[in-house]
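Asker: Here you go, one structure.
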Amino acid sequence: ELEELHPHQATRALQDFWLNDLSRGYVQFVRDRLAGEDPEVKSVLREVYVGLLKLCAPVVPFLAEKLWQDLKEKRLVKEESIHLCKWPKQDEGKIYKQIENGFENVMGIIEKGLAERDRYKIGLRWPLEKARVRGSFKLNEEFKSVIARQINVKKVEMKEVKEKEVVVELDTKITPELEAEGFARELARKIQAERKKAGLKKGDLITLEIFADDKMKKMFKTWEKFLEERTNSKGVKFVDKKTDKFVFMKIKDEKIGIKFH
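The numbering of the sequence shown is my numbering, which starts it at 1 and goes up by one.
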């Protein structure tokens, strides 16, 4: 569109790709791999980010140059200026229409699945057993896995029908096992926030102490290994006495205290 002198259409397409396809799509799909320092994911993001900057340069030249110089400081690009780079060319060998079309269906299902969670007022961090999907297409296991992770369900069931409208139904029954997982994940998130407040780095090990009632202790003990790994703890202790050094937090209607050193 830029080459055909339609800058308003080009910038709209760039914004849509950057916000929806990249930030809310791909980055969300691979966030666990990013946390694990996956070099393949980093390579993909670098290539896409650099390409996007080059495409944005004609319409936001100063911002694009500033971001380019930031990349140059980190030795991620070589050219002295983004405005000295060659214009990106389409690589036909990297275009897979079947996958692109499949992901359009996936994104639509995720959007409807999240809307269902909102309708039932069930937060995304709380896992559900399954999602039932009806649509006029098929989903392979990889697509089902992506959907399951993004809407936080254990299983995705697909039924192919003639109707074009996609229908997504969630099994909203929360079993004791799912409830325990939800509490553990929410607690881990809050502990990570406290680690950050304390100025700890990712590799810093802690000893974690948890103060809670018997019901919550029982839940957390079934997820003790998960809590250790997710909060980078060398051990988790469940204590019966609280001190003023505990930080208390509320998860749903439960009050839980944590302390680490």
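Positions of the beta carbon are idealized from the N, C-alpha and C atoms, including for glycine. No experiment lies behind these values; they were computed from the predicted model shown.
Where does Lys190 sit, in a helix, a strand or coil, going by DSSP?
Answerer: Residue state, collapsed to three classes: helix.
Asker: Measure from the alpha carbon of Val156 to the alpha carbon of each residue in Val106, Ser23, Cys85, Ala212, then state which is nearest.
Answerer: For Val156, the nearest C-alpha among the options comes from Val106.
Asker: Taking only the alpha-carbon atoms, compute the straight-line gap between Arg51 and Glu79 and give it to the nearest angstrom.
Answerer: Looking at the sequence shown, residue 51 is not Arg but Gly. So the alpha carbons of these two residues sit roughly 13 Å apart.
Asker: Taking the DSSP output, what are the residues bridged to Leu170?
Answerer: Beta-bridge pairing links Leu170 to Ala131.
Asker: Quick one: Cα of Ala10 to Cα of Phe260, how far?
Answerer: The straight-line gap from Cα to Cα measures roughly 51 Å.
Asker: By how many angstroms is the C-alpha of Asp91 removed from the C-alpha of Lys54?
Answerer: Cα to Cα, the separation comes out at about 15 Å.
Asker: In angstroms, rounded to a whole number, what distance separates the CA positions of Lys138 and Lys162?
Answerer: The alpha-carbon atoms of Lys138 and Lys162 are separated by roughly 12 Å.
Asker: Apply the 10 Å Cβ neighbour rule to Thr243 and answer buried if 16 or more other Cβ atoms are within range, or exposed otherwise.
Answerer: Classification for Thr243: exposed.
Asker: Is it buried or exposed for Glu229, if we count other Cβ within 10 angstroms and need 16 for buried?
Answerer: By the 10 Å Cβ count, Glu229 comes out exposed.
Asker: Please state whether DSSP places Phe143 in a helix, a strand or coil.
Answerer: Three-state DSSP puts Phe143 in a helix.
Asker: For Ala184, count neighbouring Cβ atoms within 10 angstroms of its own Cβ and tell me buried if that reaches 16, exposed if not.
Answerer: Classification of Ala184: buried, given that the 10 Å Cβ count is 16 or more.
Asker: Between the C-alpha atoms of Met158 and Gly182, what's the straight-line distance to the nearest angstrom?
Answerer: About 25 Å.
Asker: Go to Ser43, then tell me how far its alpha helix (DSSP H) extends in each direction, as first and last residue.
Answerer: Here the alpha helix (DSSP H) through Ser43 covers 39-56.
Asker: Let's test the definition: count the other Cβ atoms within 10 Å of the Cβ of Glu177 and tell me whether it reaches 16, buried, or not, exposed.
Answerer: Exposed: under 16 other Cβ atoms inside 10 Å.
Asker: Using a Cβ-Cβ cut-off of 8 Å (strictly less than) and excluding sequence neighbours within five positions of Gly199, which residues of its own chain qualify?
Answerer: Here the set comprises nothing.
Asker: How would you write the range of the beta strand (DSSP E) that Glu157 sits in, first residue to last?
Answerer: Per DSSP, Glu157 belongs to the beta strand (DSSP E) from 153-160.
Asker: Considering just the uninterrupted stretch of the alpha helix (DSSP H) at Phe226, what are its terminal residues?
Answerer: First-last of the alpha helix (DSSP H) with Phe226: 224-231.
Asker: State the DSSP-derived secondary structure class of Lys250, mapped to helix, strand or coil.
Answerer: Strand, per DSSP.
Asker: Going by C-alpha distance, which of Phe226, Pro39, Val48, Glu37 is nearest Lys94?
Answerer: Nearest option by C-alpha distance: Val48.
Asker: Could you say which of Glu111, Lys173, Glu209, Leu227 lies nearest to Glu129 if we only look at CA atoms?
Answerer: Checked all of Glu111, Lys173, Glu209, Leu227; the closest Cα to Glu129 is Lys173.
Asker: Inspect the beta-carbon positions of Glu224 and Val236 and report whether they are closer than 8 Å.
Answerer: Yes, the pair counts as a contact, with Cβ atoms nearer than the cut-off.
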